[in-house]
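In what follows, a single structure is set out as structure tokens and then discussed.
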Ligand SMILES: Nc1ncnc2c1ncn2[C@@H]1O[C@H](COP(=O)(O)OP(=O)(O)OP(=O)(O)O)[C@@H](O)[C@H]1O
Ligand SMILES: [Mg+2]
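Numbering (the numbering used here), first residue to last: 15 to 276.
Below, the structure written as structure tokens:
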């Protein structure tokens, strides 16, 4: 069978949340088209509240879109078969605190069909990869924020997923740890697997992502190869060019809005 090139194919996604006692409507996504191709590392960027986590949760089947269509790995978001082929690093890891990192990772591996020696080997390998070997027998409740992020990454990687979805995996991780995570992403990419990542720490992504999509207030402002986004002049040396390109896109969108309103 020839593998499909589209890992994510989403069209016209609208998401309305109803909040508070009066069920006030918040539109988190305003008809977003989004795709991810096999083997790509895609960075999904945008200000707080722009809809990144909502879009990710729709792809995972954790949130139902109000309208629009979406397929992931050729199936429906949330289908068991699809879930077993992807890894998810949640934005706020909320693991049962009494589990140790090893138990957490092994439990997740079991859910994805691993068992016996293979499960133990994979769990040990990913805990080593994320730098948690020494702390692996301690309950997660006593972990620092960055250690929790690392545990989240380990559970997402244990079953060698085809598609890794990471919602702010660099939040709370020290700079050296962030570099290690970027190296892990790079290794996954060289393995021709697919990654979708959100992050407010943009600089570290510059060398590792192929494409950048930027959301603002639930709308997609831009979706381009990173090399094209970083083209042009006027960037300040000694500062991440991707970070500057990102700010430029947001500034231009804000300027356009002011002009349109005036
Ligand atoms: N469960 C929810 N109930 C009500 N509103 C929600 C819910 N989840 C998200 N929202 C709203 O949807 C919008 C988009 O939120 P979302 O979490 O997707 O943004 P984000 O881009 O991930 O932000 P951040 O960078 O802060 O993580 C926000 O206005 C948020 O308040
Ligand atoms: Mg978020």
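Every residue, glycine too, gets a C-beta built ideally from N, C-alpha and C.
Three-state class that DSSP yields for residue i in the structure shown
i	result
residue 89	strand
residue 129	coil
residue 16	Unreliable placement is indicated for residue 16, whose pLDDT of 45 sits below 50; the coordinate value is still reported in the next sentence. DSSP places residue 16 in coil when its eight states are reduced to three.
residue 216	coil
residue 268	helix
residue 260	helix
Cut-off 8 Å between Cβ atoms - residues of its own chain near residue i, not counting five sequence neighbours on either side
i	result
residue 114	150, 151, 152, 153, 154
residue 124	133
Proximity winner among the options, relative to residue i (alpha-carbon distances)
i	options	result
residue 167	156, 187, 273	187
residue 103	144, 117, 170	170
residue 81	122, 44, 208, 233	44
residue 46	232, 158, 71, 240	232
residue 215	97, 96, 60, 54	60
residue 143	156, 269, 197	197
residue 220	33, 56, 50	56
residue 241	173, 229, 257, 252	257
residue 107	179, 159, 101, 70	159
residue 205	34, 53, 63, 131	53
residue 105	88, 145, 164	164
residue 19	250, 252, 208, 267	208
residue 253	237, 101, 217, 94	217
6 Å CB neighbourhood of residue i in its chain, flanking five on each side removed
i	result
residue 212	58, 66, 181, 182
residue 243	226, 259
Cβ neighbours of residue i in the same chain (closer than 7 Å, five flanking residues each side left out)
i	result
residue 15	Residue placement at residue 15 cannot be trusted, given a pLDDT of 44 that sits under 50; what the coordinates show is reported in the next sentence. Nothing listed; no residue qualifies.
residue 116	137, 141, 150, 151
message: I'd like the ranges of any alpha helix (DSSP H) spanning at least 4 consecutive residues and lying wholly in the segment 116-193.
response: 130-143, 159-171
- request: List in chain order: all unbroken alpha helix (DSSP H) runs of 4+ residues lying wholly within the segment 51-117.
  value: 66-74, 94-97
task: Tell me the start and end of each unbroken alpha helix (DSSP H) in the segment 192-258 that is at least 4 residues and wholly inside, in chain order.
output: 240-243
- request: State whether the segment 19-28 contacts the segment 74-89, with contact taken as three or more CB pairs (one from each stretch) at a distance under 8 Å.
  value: Flag = yes, the segment 19-28 and the segment 74-89 touch.
task: May I have a chain-ordered list of the beta strand (DSSP E) segments no shorter than 3 residues that lie completely inside the segment 27-53?
output: 38-51
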